[in-house]
Every structure is written in structure tokens, then in C-alpha cells.
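Undergrad: Protein chains in written order, with UniProt numbering: chain A, 1 to 247; chain B, 1 to 247; chain C, 1 to 247; chain D, 1 to 247; chain E, 1 to 247; chain F, 1 to 247.
Here it is, the structure, as C-alpha cells.
There are 6 protein chains.
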Amino acid sequence: MSRRADGRADDEMRPVRITRGFTDHPAGSVLVEFGQTRVMCTASVEEGVPRWRRGSGLGWLTAEYAMLPAATHTRSQRESVKGKVGGRTQEISRLIGRSLRACIDLAALGENTIALDCDVLQADGGTRTAAITGAYVALVDAVAFLNERGKLADPQPISCAIAAVSVGVVDGRVRLDLPYEEDSRAEVDMNVVATDAGPLVEIQGTGEGATFARPTLDKMLDLAALGTTRLFEAQREALDTPLRAAD
Amino acid sequence: MSRRADGRADDEMRPVRITRGFTDHPAGSVLVEFGQTRVMCTASVEEGVPRWRRGSGLGWLTAEYAMLPAATHTRSQRESVKGKVGGRTQEISRLIGRSLRACIDLAALGENTIALDCDVLQADGGTRTAAITGAYVALVDAVAFLNERGKLADPQPISCAIAAVSVGVVDGRVRLDLPYEEDSRAEVDMNVVATDAGPLVEIQGTGEGATFARPTLDKMLDLAALGTTRLFEAQREALDTPLRAAD
Amino acid sequence: MSRRADGRADDEMRPVRITRGFTDHPAGSVLVEFGQTRVMCTASVEEGVPRWRRGSGLGWLTAEYAMLPAATHTRSQRESVKGKVGGRTQEISRLIGRSLRACIDLAALGENTIALDCDVLQADGGTRTAAITGAYVALVDAVAFLNERGKLADPQPISCAIAAVSVGVVDGRVRLDLPYEEDSRAEVDMNVVATDAGPLVEIQGTGEGATFARPTLDKMLDLAALGTTRLFEAQREALDTPLRAAD
Amino acid sequence: MSRRADGRADDEMRPVRITRGFTDHPAGSVLVEFGQTRVMCTASVEEGVPRWRRGSGLGWLTAEYAMLPAATHTRSQRESVKGKVGGRTQEISRLIGRSLRACIDLAALGENTIALDCDVLQADGGTRTAAITGAYVALVDAVAFLNERGKLADPQPISCAIAAVSVGVVDGRVRLDLPYEEDSRAEVDMNVVATDAGPLVEIQGTGEGATFARPTLDKMLDLAALGTTRLFEAQREALDTPLRAAD
Amino acid sequence: MSRRADGRADDEMRPVRITRGFTDHPAGSVLVEFGQTRVMCTASVEEGVPRWRRGSGLGWLTAEYAMLPAATHTRSQRESVKGKVGGRTQEISRLIGRSLRACIDLAALGENTIALDCDVLQADGGTRTAAITGAYVALVDAVAFLNERGKLADPQPISCAIAAVSVGVVDGRVRLDLPYEEDSRAEVDMNVVATDAGPLVEIQGTGEGATFARPTLDKMLDLAALGTTRLFEAQREALDTPLRAAD
Amino acid sequence: MSRRADGRADDEMRPVRITRGFTDHPAGSVLVEFGQTRVMCTASVEEGVPRWRRGSGLGWLTAEYAMLPAATHTRSQRESVKGKVGGRTQEISRLIGRSLRACIDLAALGENTIALDCDVLQADGGTRTAAITGAYVALVDAVAFLNERGKLADPQPISCAIAAVSVGVVDGRVRLDLPYEEDSRAEVDMNVVATDAGPLVEIQGTGEGATFARPTLDKMLDLAALGTTRLFEAQREALDTPLRAAD
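Listed below in C-alpha cells is the structure:
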């Protein structure tokens, strides 16, 4: 099997690093790296819930994804300056929120909101899957923060781990965890969000000017399962390391 | 097998109607109905392409989806009045554009744009899949319009038909073509865009506060294939009927 | 007298069609057609009133007009995408609201709002006058809806019918109900909103790069009265037809 | 006949003052006062025309109306801070532009634009009619400015004078030039834009929760003609006075 | 010492005029002129305070600065039409608010807000310093207005006068109160806000493509003190003149 | 002299760290830390200049400052989601741009733009001064990048170093480099931007509900000079360290 440009096998993840306690103010703060892709994921606790949920007694979890202007190879315009959030940004923000809501019992939070912020410091493909994977770790830290302060109705509101990975067809081969160089010319591109208990949370597969048959889909799902298994290990390792005390 | 609330079997589509020539001005104009869901799909031809594509000699295809305020059970606020397009709207617009770009050779258009507008007159679940299915028919009419005027480099730029359908898990059963009543309480919800040649263009599956295992995914894909087969027939029937001359 | 391009006499309306029950969700839903001009008019009932009216015990009626992008001969940009509602759109929305408020006793509604949405599916001149004429019928249906549910303080809150028509000077002749082909080159253009009891609700007359003398104004008002008489008949016919039961 | 609150007869205008050269930078700068209503009207000359008019060889005239926040009895929010221009503001801006375009041959300007700005310093009813009346004088000064610099293809591009006045029905009586106290409770409110050659440019009559019969309309038009005659005199007096040299 | 273009000495202010009662509706209304620079400053009293201050029992003072489109030598675009307030406008609005809050005990107002509006009718340099100087006088009148109505917890909530002046380095010389002609080519530009009790409220000094040494800074502060002394006199004279009764 | 809460003397800076090559894509990328304040400063090179500068042959330098939502003690709303850039953000962006333009000969760039992005990862007071200090280092790296590619008309376009520091009066004492805990209760707050050649670029001093006399100002300027001397050393040290090769 021929190697990929970065020397990996088709079913191999890029090096994954997860750094907890990356900043000091939020209840959870994580830097997640999939190779050169680096995303700062924070989980902040805010009192209250959105208007449509008030009076329900239930909490809420929301997510916002954004790209710093210089994160990409060519500087992109700041969305605050444009005055609106682009379609891609909103789509990813919604995906992150939906994915993480799948693992938490929002009733345990009472009428409080956990806001996940995923800011891409450097982009090299797979920013949304890195964001989901890192946001899960920040969420665990925020839940621990709430638990220490006696703010949870149920001390174990998280039912499973969540991680995400990209797979795709590049040069006619099914490959795991695409960097920008592969992603930008992939024929098929799929993002898979999974739980460590096995089942899937979300799959989004797109033929980019191409189409894909069922057997290709099956192969992509197999590789994705390999990838998320590796990510669940990395999450566990990070969470098992004691968090350094704030300076 | 117990029947659904509207009397259908789990693997049965709602009645599908496709009306061409619904309005007179655009190059293609279609009313598509999946049961009570009704979407007006138009294809307009515009000179020029977006800035980033100028000078390429290639055409472009773009899509915009919108919901009329009174289309839903409870009136929703007009996005023009809010001053911004919501995340869901943008997400669906992008999906429609991506899906239809999979079937057309944009080089044949020269530097012209086909703008697909999918406006939901009445919503009862499955608006995005009806929109894709109807937009394909409007696109075929717009391509014929261009061809009659000698504007195409290749007279057959469309390589396959595109249709889309929703499937989901409701009350623990995998079901095809969910109306609002089922969609709003589905445990898993998936939209599948397919070609009449067999392969898939896009799949988007989401566990709504639930997760789903691989066998469920497989069963959903099987039902979706049944549904799109039915939709390709309806498209062909509509396209085989001569278009009434404009009054 | 020479005939107009579409064969009508100067004082003749285009064919008028009013279809009630056009969609199922809103309290009133009407498709109104003045020749090729087609407007979907809905009346939705919403709890509550705007902030400045709260605590008054009075209801409110508001209207929003919009043009679908492909309604015009050349596709126009979607205002939600532009991020703001244009001056013409706002002006017509305000006109529709003002016109319909002239026939209803808002005290009878209690603190509820009737929202009229007038979405132009196809534009061929006279969209605002068709919108007002159709919105009146949708309003009557919404009032009946409220009455059936015992929500009205006064069961007959509507005091008269409202209809509107355009008149203008084209090729030096005063003409009724201008289609786009005449409207776009009219020297004078006037919209008249009237009640079936006789008096006027609103007149807006504009010399488009020209001016007009009092006798011309008088003649235009005479023709407008002919036109609205015809429209009140069409409204009555539509309202006398039993509304089909929803499927 | 009983007098009005401010002592005027029903057919009497408030004191009208027109001050030319109110500020120094614009080509035309006028302060117009109808009683306590004060509007600063400027005419600025800008190179070029809007995109849709480029290459036509024709000039353009545009107008913007605005209310200073403290102009009204109760401070109103600044539209720049709200981030959008309200419907009323846009409607009046469009009316002013349309009205003044009726008196000028835009071909004489070449591809240049005259921008009229009408900023209300103090509002006491009739701000739009005062604005039109004052903007005409500023326009004459701007045209003279262009003529002195040899910028006009035709040295006399203005064909007639333009003035506007409000009339209405208050306490059952037809009255001329309504101040805020009358305007806010008028049953019918009409604005008439006229030329000094006799014919009308625009009429906008609205029953505010009331309706009006043809004889009332005729009476309002008669009073308006009295009012504009008085305004044309005031414009001529102002224009006959030599403009003070800039300090 | 060589004279400046307008004949002044380097340490001489332009003629200063302060006209109270410029308009009738706001609690305080002042026209302030520094030579050709003219700013209308109003102080309006509004019930309530911003959300973040509610329940504090304290009042608030806010300011908004704006430039009329034709105030400058070349017409500038209206910020309401652009849909956003520019950085320079916001910066000056914030400066005016901060400066005036330095002289007033907000506790005396109860939960009420004083809104200062500074609208530049004509700009010839120094608009922000004229605005601060005039806004102080409007504020004094608004406080008197509140006091007459028994609305103040403390009848003397103003502790000192506030005025502001610009200084700069032009042609290598330190000069006071720069008009546009000097300001636009100044090497260093500084605005100083001071109290009549001596101390400073705010200084903002900027090298415009140049830098400045400490002795230059000292010299600029000395000239600024001369200027504000003159402005405090002009404020006192204006406030000592009885306000004309409203017509 | 009593120590400050963090143990520093009044005239002592927090630990300063400057890390070059923080990310890989931009021409210059720096992480600057003043104690717990951490700002990512990047310098990106973009072809072309703003419209108003085209054809001048001169380059441009612009800056944008932003705060990540979770940078502050309490999460702040994302400005892209609000749809507008706040006044404080714009004010700081303008300050950074102005400050850095003071040290560079823009003619050397040709018609190219250097875009400085300063994104605050963690805020603990002094974010704008840290941003300026770090942006200078990123700018030097971007200039070297351009020079290596032969893109500069003058290989040494930077004439001096730029750094900035805050000083203030807290608890009646003049102190250097205020952290949030001091900044939030400072009586006087001043930011000083200086060059390593001695002179000042910008000073902005504000009495926060207080005023300050000339001797206090002098003392603040003295402390600021101590601080910037320390910062120029840190910049030189960082720039003397060879930049690690990109992986």
C-alpha cells in the first residue's frame, strides 16, 4: 500500500494531543491537536437558558465554532467585521452542539447553560471533528466543576464519550483523518460522530462533485470506527492526568 | 405491521405530485408535493458567475431555500425582517446546491449561473427532500431552455437524476418519508440524496438525543433506496408530459 | 377606442380569481390573481400585541409584503440574503396594514394580532392592489376562525369590504388595472384603496417624471371606482362559496 | 368659523421662513421653517451615478430624510444605532427624491448626482412637506453652483418650482398645514406635491382609521393649492435675496 | 511669530459662541460654535437606565455623536444607510459620555438617563471638543429642568464644569484649537478634556505618522489649559444669560 | 512601600513572554504574555490595498483586535453572533493600527497590505498594550518574510520598535502594568505607546469617575517609560532567538 504525503497509512490517524487547563477562566479549557490542526475548546457555565426553554427546569448546551482569521493558509475575513456568521460556521456550530447534547442529561443541570466555544487557532483539515473531540473533554471538566460546587441534580450526567473523525475517498482510496491537502481534493468526504459505547450520533457524507456506492460507505464507516477508538483512548488519557493547579 | 397515523406502511411514500410550468417567468418552475408538503422550485438563468469563479470559463449552480412565514403550523418570523438568514435555512440551501451540482457538468454552461429557489408554501415534514426532488425537474427545464437558445457547449450536461427522501426511527420502527407529526418525535432522522444510477450523493443522519447502530443505518439506507426509486419515476412522468404553452 | 396590448378596453379589469383555502395551516389563506399577477395572502392569528400596545386591551393587525425571487421577469435578490428589507417592500407592507386596519374594530380581538402575509408568486403589475384585495378575504376567514372559537368580543368586527386597484395614464390615455408592460412606461400611476360603502381609504398618485392636472385625477378616480366595484363582487363570490374541508 | 389652537384659520399656513446659505460646505444649504418645524436641506454634488445608471450619460438626483433624535417631543432612537433605516424614513426619502426629479432635466447634469439631505432639527408636523419645499431651493442653488463652473449641458435644467403641503380633516373640518397637535389626531391626512405651473406631482391621502368621500378629497385639494401658492411665493422671495458671501 | 492662515496667534482660540434654547423639545438644547465648526448638543431625559444598571438606584448619562452627511467638505455617507456606526463615531460618542460623567453625581438622578446628542451641522476641525464643551451647557440646563420638577435627590449634582480643546503640532509649531486645514496636516494631534477646578479628565495624544517628545507634550498641555480657561468663561456667560421663553 | 496583590512593586512589570512562530500559516505569528494576559498576534500579507489608497503605489497596514468569548472571567458574547463590532473593539483595533503605522515606511511595501490580527486568548488587564507589543514582533517577522522574497522596495522599512504599557492610579498610588484586579478599580487609567528611540506615539489617559492633576500625569509617564524599556528588551531577546523551522 502506497503511503500518504505525510507518511501515514490509509487507516492511520494523525498524532492527537489533548491539553487540559489550556486557559484559566472557563470551567473547562482544552487545546486539541490533530496534527497541525489546533482548536481551543472551552466550556463556560452560564446561568439561565434560552427563552424558549425557560420554566422547563431543564438545562441547555450550546456551541459556537469559529476560525481565527490567520488560521487558514490564506487569511480569511473576520465574521464580526462582515457583520454576519457564514453558513459553514453556523452548520458546524449546530453540529457540535447536537453531537455533545447526545451524551449529557440536561435535566441534571437545572436551568443553566453550558456554552462550548471552539476557536480554530490553526486549520489543517478536520477542524470540526477535532472540535467535537476536544469539546467533549472540556465538557467533562465543566461538569466536574459544577459537581464540586453542588450544582448538579445528578452527579453523573454524562452517559458516554463523544468523538468525531473525518474519512474520505482520495485518489480512489478510502482514507482516515484527512489533512487539508487531502480534504481539498477528496472525491467523497464524510464526518462521523460516535459514542464510545458503539452507536453513532451523526454521519454526514458528501460526494464532492462525485457520488459513492454503499460498499464505499461501509468501508468509510469501518475506518471511522478505528479512528474514534483511537480518539476515545486519547480523551481518557487526558482526563486521567491530574489538571495542573491554576498559577 | 401496525399502520402509521396516515395509514401508510413503514416503507411507503406519501403521494407525490410534480407540476411543471407552475409560474411563467423563470426558465424552470415546478410545484412539488410530498403529501401536504408543497414547495415551489424555480430555476433562473443569470449571466455571470460569483467573483471567485470569474475567468474560469465554468458556470455555477446555486440554491436558496426559504420558508414562507405561514407555511408552518405556527407562523414563523420572516428572515428578511430579522435581517439575517438562520442557520437551518443556510444549511438546507447549501445542501440543495451541493446535491444538484452533482448531476450537472458546469463547464457546459459557460460563465452563467443557474439559481434554484425553493420556497416552501406549506410545510409538513420533508421540505428539504421535496425541494431537492423538485429542483431537479426545474433544472432539467432550465437546461432545455438554454439548449433551445443554443447557449450550451454540451447539449446534454445532466448526467443523472437526483432525488432525496427522509427516513427515520419513530416509535422504534424504521420509517420512510416522515411527515411533521413523525419527524418532530423521531429518535433518528436521516436525509438521503441519491442518483438514479444507484450511488449516493449525500447522507445526513442524526440521532436526536439518541444514537443509532450500524444495522439501523443499513435498514434506513434500504428504505431510502425504495423511496428514491419511487421519486425517480415521478420525475420521469412529469418530464414526459408536454409542458403547457404559456397563456 | 383602440384596444390595449392584451385586448382590454381602457376601463376593463384583467380576469380576477380568488381561491380560498389555498393552504391549510393559517386561519385564512387565499390565492388572488389579477391576470398573470398571483399573490398568496394569509392571515395568521398570534397571541399578544406589539410592545407599545400592551396593556391597552386592543388587538393589532399587521402586514408583510414580499416578492419571491423568481416572481419577476428577471430574478431579484432575496431580501433575507441582502440582510435588509428594501424601501419599496416596507412601503407596500405599511400600505397593506393601514388599508386593512380601516375595516376592522381592533378592540374586538382583545390583545391578539392578525398577521397578514402577502407573498407574490408571480408579478405582472398591480401586486400591491391584488395583495390588499386578497388579504381582505383572508382576513374575513381569520375572523370567522376566531369567532368559531369564541375569541371575539364582537362577532362582527369587520365594518366594510376593502379592495384596491391601480389606474394610470399610459400613451396619454387613462387606463384601469395596469399590467407590468403598461405600468413600466406609465406617465402617471395611482393606487386607490376603497371601501364597498363608497368612501376611499387611501390614494397614492405619482407622476413618474411627469405631472398631472386635476381633471386627469378625477378621471382616474372614476375608473378606479369601476374597478373596485368589480373587485367587491369577486370577493363576495369567493366568500359565498363554501370553503372545502381540509383533506 | 372657530379658530384653530394656534389661532390660524382653516385655510391658513403657519409662518414660513426659508434661509439660504445656512451652512457653507454644500452647493446648496437651506433652513426651512413651517412654524416650529425646522428642516436643514442641503444639496451636494457628487461625481458619478448609481451603478444601474452608469454609461447612460444621464445624471441622477437622490434624497435622504432623517430626524435628529431630539427633534421630536420624546427622544427617538438613532437609526444608525438601530442599524437600519425605518420604513417611514425610507418612504419619505423616496417621496422627496421622486418629487424633485419631476422638475429637473437629469440629462443636463451629465453623469453626476445631486444628493439632497433633509435633516429635521425640530419636528412639529409637516416635516416631509417642509423638506420638499426647502430641498427645491437648495437644488436651485446647487444647479447655479454647477452652472457657474460650466458643468451643465443645459444652463436651465429646472422646468418648474416644486412645493408640498399637508392638508387633513381634524375635528370634522378640512384644514391646511397641520402641526403635530392636529396631525396626531387627524381623521384624514393628505400630502400634496405640486408645481408652480399648476399640475400635481404626487398626492398621498390616508384615512387614519377613517375613510373619506370624493367631495372631501376635492376640498382638500383646493386648500392644498392655496398652500402651495403661498409656498411658491416664499421660495421666490428667498431666491431673489442675494446669498451672503461665505465668511 | 508668524500668524496662522486665519490670522490667529498660536495660542489663540477661534471665536466661541454658545446659544442656549436652540430647539424647544429637549430639556437642554445648545448650539456651540468654534469658528466654522457648529454642533447642536441636546440633553434629553429618559425614564429608566440600561439593563445592566437596573435595580442599582443610580442614574446614567450616555452620549451619541454624529456628523450630518453634508457637514464635511465632501458629503459623507449616512451611517444609518450604511447600517452601522463607524469606529470614529463610536470612539467620540464614548469619549463624550465618559467626559461628562466625570462632573455629575449619577446617584442624584435616580434610575433615569440623560441622553446627550451631539450632531455636527458643520465641521471645520475640533468637532469632538466643541461637542463636549456644548454638551456640558445642555447638561446644566437639563439638570435645572429636572430640579424644577423636583426629580433630583440632590439639587446640585454637578461638581464642576467640563470643557475640551484640541492642540497640535503643525508646521513644527504647537498650536491651539486646530481648524480642519491645520488638523488634516498636523504632525501631532491631542485632545484635552479638563475641569474648571484644574485637573484633567482625559487626554488623547496621537502622533499622526510622527512621534512626539515629553517637552512637546508639556507645551501642548500648557496651551490646552489656556484654551479651556477661555471655554469655561464662554460657558459661564451663556449660562448667566436668561434662557428665552419658548415662543 | 506596600506590595501589590501579586507581590510586585509599583514600578514593576508582570513577567513578559514573547513566543515567535506560534502558528505556521501567517508571515508573522507571536504569542505575547503579560502575566496571565495572553494575546495571539499574527501578521498576514495580502495583495492590494483598500479602495481609497489604490493607485498611490503605497502599501497599508491595518489591525483587528478581538477577544475570544471565554477569554474573560465571565464569558462574553461573540461579536460575529451579535452582528456588529462593539465600540471598544473598534477603538482598540484603530489604536493598534495607528501605533504600528508609526514605525513602518508604507512606501516600501508597494500596493500590499499587512493585516495584524490580535486575538486575546486570555484577558487579565492590559490586553491592548500586550497586543501592540506583540504585533510589533509579528510585523518584524512579516517584513523579513517579504524581504526574503524580494518584495520590498526598501529592505529596512521599519524605523524603530514600538511597545505599549498601561499605567494607572490605584488605591492612590501610581502603578505600572495593571492586571484586571487593579484595572477594574483604577481611578485613573493611561495607555502609553512609545518608540525605542524615546518619543511617544500615543497617550490615552482617562479619569474613571475621577480627575488627575499634571504632576500625576508626569509620574505616570515616568513609570510608563520604565515599562516600555523593559518591553523593548523582551522584543529584542525574542527577535534575536532563531525562529524554529516549520515542521
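All residues carry an ideal CB built from backbone N, CA and C; glycine is no exception.
Excluding sequence positions up to five away, which residues of its chain have a Cβ less than 7 Å from the Cβ of F:Thr89?
TA: Only Tyr65, Ala66 and Glu79 meet the Cβ criterion.
Undergrad: State the DSSP-derived secondary structure class of C:Met220, mapped to helix, strand or coil.
TA: Looking at C:Met220 - three-state DSSP - the assignment turns out to be helix.
Undergrad: Can you tell me whether DSSP reads B:Glu237 as helix, strand or coil?
TA: Helix at B:Glu237.
Undergrad: Where does C:Asp247 fall in DSSP's three states?
TA: With a pLDDT of 42 at C:Asp247, under the threshold of 50, the predicted position of this residue should be treated as unreliable, though the coordinate-derived value follows. Correct three-state label for C:Asp247: coil.
Undergrad: Consider the Cβ of D:Asp117: report whether some Cβ of chain E lies at a distance smaller than 9 Å.
TA: Yes - at least one Cβ of chain E is within 9 Å of the one on D:Asp117.
Undergrad: Is D:Glu91 close to chain C? Criterion is C-beta to C-beta, closer than 9 Å.
TA: So yes, D:Glu91 belongs to the interface.
Undergrad: Is the distance from the Cβ of D:Val45 to the Cβ of D:Ala27 below 9 Å?
TA: Yes; because the gap between Cβ atoms is below 9 Å, this pair is in contact.
Undergrad: Helix, strand or coil: which one does DSSP assign to C:Ala135?
TA: C:Ala135: helix per DSSP, three-state reduction.
Undergrad: In this structure, what does DSSP give as the bridge partners for residue 248 of chain F?
TA: Not covered by the structure: residue 248 of chain F. The range shown for chain F is 1 to 247.
Undergrad: Which runs of the beta strand (DSSP E) spanning at least 3 residues fall entirely within the UniProt domain "Exoribonuclease phosphorolytic" (12-142) of chain E, listed in chain order?
TA: Runs found: 16-20, 28-34, 37-47, 60-67 and 112-122.
Undergrad: What residue range does the beta strand (DSSP E) around B:Asp183 cover?
TA: Looking at the DSSP string, B:Asp183 is not in any beta strand (DSSP E); the run it does join, the alpha helix (DSSP H), is Tyr180 to Asp183.
Undergrad: Using the beta-carbon count (16 or more within 10 Å), is D:Arg185 buried or exposed?
TA: Exposed, since its Cβ has fewer than 16 Cβ neighbours within 10 Å.
Undergrad: Do we get a CB-CB distance below 9 Å when we pair F:Phe232 with the residues of chain E?
TA: Chain E, which has no Cβ nearer than 9 Å to the Cβ of F:Phe232, makes this no.
Undergrad: Output the boundary residues of the beta strand (DSSP E) element that contains B:Gly207.
TA: Segment Leu200 to Gly207, the beta strand (DSSP E) holding B:Gly207.
Undergrad: What is the DSSP secondary structure of C:Ala5, counted as helix, strand or coil?
TA: Note: C:Ala5 maps to coil in three-state DSSP.
Undergrad: Please report whether the beta-carbon of C:Thr206 lies at a distance below 9 Å from any beta-carbon of chain B.
TA: Closer than 9 Å: no.
Undergrad: Regarding E:Leu61 and the ligand NAD, is the C-beta to nearest heavy atom distance less than 8 Å?
TA: The ligand content of the structure shown is nil, which means the ligand NAD is not present either.
Undergrad: Alpha carbon to alpha carbon, how far is C:Leu139 from C:Ala163?
TA: About 12 Å.
Undergrad: In whole angstroms, give me the CA-to-CA distance for F:Thr129 and F:Pro199.
TA: Answer to the nearest angstrom: the Cα atoms are 17 Å apart.
Undergrad: Can you confirm whether D:Met13, when its beta carbon is compared against all beta carbons of chain E, has any partner nearer than 9 Å?
TA: No, no contact with chain E.
Undergrad: What residue range is occupied by the uninterrupted beta strand (DSSP E) comprising D:Arg173?
TA: Per DSSP, D:Arg173 belongs to the beta strand (DSSP E) from Arg173 to Leu176.
Undergrad: Go ahead and label A:Gln204 buried or exposed: buried means 16 or more other beta carbons lie within 10 angstroms of its beta carbon, across all protein chains shown.
TA: Label assigned to A:Gln204: buried.
Undergrad: I'd like the list of long-range same chain contacts for C:Val201, defined as Cβ closer than 7 Å, with 5 residues on each side in sequence excluded.
TA: Hits under 7 Å: Ser99, Ala102, Ile162, Val193, Ala194 and Thr195.
Undergrad: Pull up the DSSP beta-bridge partners for C:Phe212, would you.
TA: Answer is D:Leu200, bridged to C:Phe212.
Undergrad: Hey, out of A:Ala197, A:Leu226, A:Gly110 and A:Arg175, whose CA is closest to A:Gly57's CA?
TA: Selected option, being the one with the closest Cα: A:Gly110.
Undergrad: Taking Cβ to Cβ, would you say A:Val81 is nearer than 9 Å to F:Val39?
TA: Not in contact: A:Val81 and F:Val39 (Cβ atoms no closer than 9 Å).
Undergrad: Whole angstroms is fine: what's the gap from F:Arg3's alpha carbon to F:Asp10's?
TA: If I take the Cα positions, the gap works out to 7 Å.
Undergrad: In whole angstroms, give me the CA-to-CA distance for D:Gly150 and C:Ala213.
TA: Roughly 35 Å separates the two Cα atoms.
Undergrad: Using the Cα positions of E:Gly21 and D:Val137, report the straight-line distance between them to the nearest angstrom.
TA: If I take the Cα positions, the gap works out to 27 Å.
Undergrad: Roughly how many angstroms separate the alpha carbons of C:Gln77 and B:Gly125, rounded to a whole number?
TA: Taking the straight line joining both Cα atoms gives about 27 Å.
Undergrad: In chain order, what residues of the same chain have a beta carbon less than 6 Å from the beta carbon of B:Val170, not counting five sequence neighbours either side?
TA: Result list for B:Val170: Glu182 and Ala186, in chain order.
Undergrad: B:Thr133 and B:Ala234: beta carbons closer than 9 Å?
TA: Yes.
Undergrad: Ignore the nearest five residues each way along the sequence and tell me which others in F:Ala238's own chain have a CB closer than 7 Å to its CB.
TA: These residues qualify, in order along the chain: Ile18, Arg20 and Val137.
Undergrad: For F:Leu146, count neighbouring Cβ atoms within 10 angstroms of its own Cβ and tell me buried if that reaches 16, exposed if not.
TA: Per the 10 Å Cβ criterion, buried.
Undergrad: Residues in the same chain with beta-carbon distance under 8 Å from A:Gly48, minus the five sequence neighbours each way, listed in chain order, please.
TA: These residues qualify, in order along the chain: Arg54, Glu111, Asn112 and Thr113.
Undergrad: Exposed or buried, which one is E:Pro157 when buried takes at least 16 other CB atoms within 10 Å?
TA: Buried.
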